[in-house]
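Colleague:
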Amino acid sequence: MRRNRLIGLVLTALIVVGISLAGCRVQERGPGGAQTALEVKRTEFMMDTVVTITAYGEAAPAAVEEALAEMARIADLMSAEDPGSEVGRLNAAAGQQPVVLSADTYELLALAQHYAELTDGAFDVTVRPLVELWGIGKKNEYVPDKARIAKAQALVNWRDLVLDPDTRTAYLKRPGMGVDLGGAAKGYAADRARQILAERGVESALIDAGGNIWALGRHPEGKPWRIGIKNPRPDHGGSVLAIVTSEDDTLVTSGDYERYFIKGGVRYHHIFNPRTGEPARASMAVTIIAKNSAQADILSTAVFVLGPDKGLALVEGLKDVGCVLVTPNEEIIMTPSAKQKVEIVREEGVASDTRR
């Protein structure tokens, strides 16, 4: 059975498939015979997830340390949970005054605003009031009443986040508003880590930040990377939904199974529809395959909110971007570019529609 090939994998939103490199060195075969390539693997917890970088080659040790340090620096700048971060200070100044930002935070906010406009607000970084209200993933998570949802949702509007490129400032127009970069910061940090690894001479590496993966170059054995997409309902067809054959791609998955609780038979998850103030219901899981992880991070959320028709139409209009979407009734829909890289491995007997 197909499942037999996948025994022993550690499951996250995305999974590295078929790699048997457990030691500190792996074999590389060239004209002169077998040589050894140094493998360096480091893991840290940041941005509310486990981040692991695995890199190969003599440049790997120093490059991995530098890449992780850069990711941690970005996390410190952009955490909405930390009142001392730049995002924390921006939120505290809502309705009062603009806040001067670093180039990194400003750049990501500008990118977020671009996609907010492109998606007609399906992606909206001013969703923080809803995140705080629902508390999903925390001890105080609950289902608010309609009045509280409406009050928080009224504070969500990307147009009320004003950016000034001349002064590199951001301003939230109304008290109580708040920015949350949880749908973009991991991707931005992963892009910076990949840039550092490449600039330091690393040609083969894997950056794994939970639902965000950057596969730099090729597998050290000379093959493309094989990345598994987790089945959002593993009791229906096995733990792995599909395998992506990747060479210098980033993959980002958003799903309703990552942080959620169930009450009254209803699943309440952490991906909010900015228009309703409630968890989005148009998708079960979305994986974006792209060349920029910040873009993929944003798009995975936006497409999840938009659903298959509008979401996949959006992706098809973008260069070097593919999408695998699982609908609420567990159909699988892929864009044409994704079909070139994706093999569906979910067991038979589950609804599937790969037409697009």
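Just so we're aligned, residue 6 is where the sequence shown starts under my numbering, counting upward by one.
Here a beta-carbon is modelled for each residue, glycine too, at the ideal position from N, C-alpha and C.
According to DSSP, what are the bridge partners of Ala60?
Modeller: As a position in the sequence shown, residue 60 is number 55, starting the count at 1. Answer is Val45 and Ala210.
Colleague: To the nearest whole angstrom, what separates the beta carbons of Ser251 and Lys346, a pair I think is in contact under 8 Å?
Modeller: Here residue 251 is taken as the residue at index 246 of the sequence shown, counted from 1. Here residue 346 is taken as the residue at index 341 of the sequence shown, counted from 1. Contact holds; Cβ gap of about 7 Å.
Colleague: Which term fits Gly62, buried or exposed, when burial requires 16 or more other beta carbons within 10 angstroms of its beta carbon?
Modeller: For this step, residue 62 is matched to residue 57 along the sequence shown. Counting Cβ neighbours within 10 Å, Gly62 comes out buried, since at least 16 surround it.
Colleague: According to DSSP, is Asp81 helix, strand or coil?
Modeller: Sequence index remark: in the sequence shown, residue 81 carries index 76 (1-based). Helix at Asp81.
Colleague: In the DSSP assignment, the alpha helix (DSSP H) including Gly327 goes from what residue to what residue?
Modeller: Position 322 of the sequence shown, counted from the first residue, corresponds to residue 327. Element bounds for Gly327: not the alpha helix (DSSP H) but the beta strand (DSSP E), Gly327 to Val331.
Colleague: Per the DSSP calculation, Glu283 is bridged to which residue(s)?
Modeller: Taking the sequence shown and counting its residues from 1, the one referred to as residue 283 is at position 278. Beta-bridge pairing links Glu283 to Asn278.
Colleague: With Asn96 as the anchor, note down where its beta strand (DSSP E) starts and where it stops.
Modeller: In the sequence shown, residue 96 corresponds to position 91, counting from 1. Run containing Asn96: none in the beta strand (DSSP E); it sits in the alpha helix (DSSP H), Glu91 to Ala97.
Colleague: Ignoring anything shorter than 4 residues or poking outside the stretch 114-152, list the alpha helix (DSSP H) runs there in chain order.
Modeller: You should have 133-139.
Colleague: How many Å lie between Leu304 and Ala203 at the Cα?
Modeller: Walking along the sequence shown from the start, residue 304 turns up at place 299. Walking along the sequence shown from the start, residue 203 turns up at place 198. C-alpha separation (whole angstroms): 24 Å.
Colleague: In chain order, which continuous runs of the beta strand (DSSP E) of length 3 or greater are located wholly inside the stretch 252-276?
Modeller: Here the runs fully enclosed are 254-260, 265-268 and 271-274.
Colleague: With DSSP as the reference, identify every bridge partner of Asp169, one or two as the case may be.
Modeller: Position 164 of the sequence shown, counting from 1, holds the residue named residue 169. DSSP output for Asp169 lists Thr174 as bridge partner(s).
Colleague: Quick check on the DSSP output: the alpha helix (DSSP H) that includes Thr340 runs from which residue to which?
Modeller: Translated into the one-based positions of the sequence shown, residue 340 becomes position 335. Run containing Thr340: none; DSSP gives neither H nor E here.
Colleague: Please determine if the stretch 87-94 and the stretch 268-276 are in contact, where contact requires at least 3 C-beta pairs separated by less than 8 Å.
Modeller: No: the two stretches stay apart, fewer than three of their Cβ pairs being nearer than 8 Å.
Colleague: My parser needs the beta strand (DSSP E) runs of 3 or more residues fully inside the stretch 286-322; what are they?
Modeller: Entirely contained in the stretch 286-322, the beta strand (DSSP E) runs reaching 3 residues are, in chain order, 290-295.
Colleague: Look at the alpha carbon of Tyr120 and the alpha carbon of Phe128, and state the distance between them as a whole number of angstroms.
Modeller: In the sequence shown, residue 120 corresponds to position 115, counting from 1. In the sequence shown, residue 128 corresponds to position 123, counting from 1. Each residue's alpha carbon lies about 7 Å from the other.
Colleague: Mind checking Asp261: buried by the 16 CB within 10 Å criterion, or exposed?
Modeller: In the sequence shown, the residue the question calls residue 261 occupies position 256. Buried, since its Cβ has 16 or more Cβ neighbours within 10 Å.
Colleague: Are the CB atoms of Met83 and Ala190 within a distance shorter than 8 Å?
Modeller: Working through the sequence shown from its first residue, we reach residue 190 at position 185. Working through the sequence shown from its first residue, we reach residue 83 at position 78. The answer is yes: Cβ separation under 8 Å.
Colleague: Determine whether the beta carbon atoms of Leu311 and Ala287 lie at a separation below 8 Å.
Modeller: Taking the sequence shown and counting its residues from 1, one reaches residue 311 at position 306. Taking the sequence shown and counting its residues from 1, one reaches residue 287 at position 282. A contact, by the Cβ cut-off of 8 Å.
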